[in-house]
Structure formats: structure tokens, C-alpha cells
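In what follows, a structure is listed as C-alpha cells, so that the remarks can point back to it.
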Amino acid sequence: MNQLLNDAINYHQAPGNSPLLIILAYLLLMSVIAFLAFGLDKYKAKAGHWRISERTLLSLSLVGGWPGSVLAMKTFHHKQRKQSFVRLLILASIANIALLVAVLSLLVAR
125 MNQLLNDAIN YHQAPGNSPL LIILAYLLLM SVIAFLAFGL DKYKAKAGHW RISERTLLSL
185 SLVGGWPGSV LAMKTFHHKQ RKQSFVRLLI LASIANIALL VAVLSLLVAR
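Quick note: the sequence shown uses the numbering used here, first residue 125, plus one each step.
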């Protein structure tokens, strides 16, 4: 486990590999995917079609798409009234922020 962590931290030594850029690119990609999923679900809800499950929407948030999820909720006015969903999205966002802070702390400590 320690070797894996050390390899991940030292990955930035290869030319063109910046851990911060990789993290930001990943978060951007997942946010775009989550934003589009929320938008599609809102469209399907209005049209009376089969919906994207809340589990899928929350999973996208949990794996790094939380900025896109929050933005989509505000943009599309979607899932804002369902308090249980909002609470879980807040928890996913907090978990992601804590993980990001921990990873960045490790990178800075090197």
C-alpha cells in the first residue's frame, strides 16, 4: 500500500504529468458527466419517460462529479425539494472535498 501511495505521489516527476492537472481534469470530466446526467433526468421527468435512478446520480456525485451535480441542481431546479437526496449529495460533496484536501496535502508535503 505504501509503495502504491509513493508511486502516485511521485507520478508528477514524469514529463508532462502534473498531479494537480490530472486531478482537475478528472473532476472536470466527472462534473460534466454528472451535469449532463442531471439535465437528462430533468428532461425525462418532464417528458414522462424512464428516469435515471437517484443511485446513479448520487454515484456520479460521489466519484467526483459533485460540482457538476450541484450546478445542475441549481440550473435545472432538479431534485432540490427531495431533502434526503440533498442531504446525501451534501455528504458526497464533503467526502470529496476532504479527500481532495488530503491528497493535496500529501502532494504538498513531498
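Cβ coordinates follow ideal geometry from the N, Cα and C atoms, glycine included.
Rounded to the nearest angstrom, what separates residue i and residue j at their Cα positions?
{"i": "Arg177", "j": "Leu231", "result": "Sequence inspection shows Ser at residue 177; the Arg mentioned does not correspond to that position. In a straight line, the C-alpha of Ser177 is about 36 Å away from that of Leu231."}
{"i": "Lys203", "j": "Ile147", "result": "27 Å"}
{"i": "Gly172", "j": "Ala226", "result": "42 Å"}
Please look up how many angstroms separate the CB atoms of residue i and residue j, rounded, as I've assumed it's under 8 Å.
{"i": "Ala196", "j": "Phe159", "result": "5 Å"}
Using the three-state DSSP reduction, which class does residue i fall into: helix, strand or coil?
{"i": "Ile176", "result": "coil"}
{"i": "Ser193", "result": "helix"}
{"i": "Gln207", "result": "helix"}
{"i": "Ser217", "result": "helix"}
{"i": "Ser183", "result": "helix"}
{"i": "Ser142", "result": "coil"}
Validate contact between the segment 204-217 and the segment 178-196 using beta carbons, cut 8 Å, 3 pairs
Yes: the two stretches touch, three or more of their Cβ pairs being nearer than 8 Å.
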